[in-house]
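Counting from 355, one number per residue, gives the positions in the sequence shown under our numbering.
Note that CB positions come from ideal geometry on N, CA and C, so glycine has one too.
On a predicted model such as this, the values are computed, not experimentally measured, just so you know.
Worksheet: one structure, shown below.
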Amino acid sequence: MRIAIIGTGNIGGRLARGWAAAGHTIRLGSRDPAGEKVREIVAANPDRISAHSLAAAAESAEVVAIAVHPPVLREVCEALGEPGDRILIDTMNTMFRKPGEHATTAAALKAWTGSERVVKILNNTGAENVERPQYGGAPIDTFYCADDSEAGRVAAGLAEDLGFRAWDTGGLENAELLEAFAALWVTLAIKQGHGRDIAFKLLSRSEA
Ligand SMILES: NC(=O)c1ccc[n+]([C@@H]2O[C@H](COP(=O)([O-])OP(=O)(O)OC[C@H]3O[C@@H](n4cnc5c(N)ncnc54)[C@H](OP(=O)(O)O)[C@@H]3O)[C@@H](O)[C@H]2O)c1
């Protein structure tokens, strides 16, 4: 798929490398597409990753994954322009600052773009796990929510391409549940000192 990734930091860079390795075409959207940080990401897979302004990255993309901090999200939505029927993937968390008056980044993204195809996914674990989502050969879990079930399935497939297992939690009203998972991961990894090599796994008796 043609995937635009907005934000080239801890999450954006890893999503770019992972999806490019899985065969997707990545258009990075950056404020500084010629900068050193962005050039390093492109250099990891120049056949599949290219760098652009935010609007140019999104223009021909089927999916736009957004990995910025909530305080700049409104500005990013304005820079992206009309979402059309692109799927918007929200990997963000509001742990430290809420996006304006909205409780979650998913709600903000939906309100500020007018898109019904917002999917929240891949927010519940550390960036290192986005790069290496397998523990002892087993996939770790991400949970997603979306009002548009087809958009949700596409995003779930993209998470699986990275090596995750993806669980559908229902509509976008469940975004707060998914953000709570991220807060729990941070509490365990950092505040409780378990370190960043931890991840969530949901067990199913039918698969045991
Ligand atoms: N780090 C984690 O372990 C982790 C895990 C799960 C979820 N998350 C969530 O993912 C999101 C990104 O986190 P991160 O750790 O990847 O952050 P980060 O490393 O600080 O990267 C954020 C990126 O946002 C872009 N950016 C900043 N200001 C911008 C603006 N005004 N307009 C457009 N782009 C702007 C920058 O890319 P350019 O300089 O190229 O424009 C920057 O690299 C956050 O919401 C966070 O809560 C993070």
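Proximity below 8 angstroms, CB of residue i to CB of residue j
i	j	result
N477	E533	yes
L526	D495	no
V418	L442	yes
G506	V473	yes
S414	R356	yes
A461	A529	yes
A536	M449	yes
T467	M446	no
L512	T523	no
I380	A374	yes
I395	L463	no
H406	P387	yes
Alpha-carbon spacing of residue i relative to residue j, whole angstroms
i	j	result
V422	T479	15 angstroms
A520	A543	21 angstroms
D444	Y498	10 angstroms
R385	L408	7 angstroms
A398	R371	7 angstroms
G367	R550	18 angstroms
L434	A412	7 angstroms
Q546	A457	26 angstroms
G383	C431	12 angstroms
Where residue i sits in the DSSP three-state scheme
i	result
D515	helix
I494	coil
V422	coil
R381	strand
R507	helix
K474	strand
S404	strand
A388	coil
I552	coil
R486	coil
A537	helix
L557	coil
G480	coil
Beta-ladder partner(s) of residue i, from DSSP
i	result
D522	Y498
I441	V417
I360	G383 and I420
The alpha helix (DSSP H) enclosing residue i, as first and last residue numbers
i	result
A460	T459 to T467
E429	L427 to L434
Residue i Cβ short of 7 angstroms to ligand 2 heavy atom set
i	result
G372	Ligand 2 is not among the ligands present in this structure, which contains only ligand 1.
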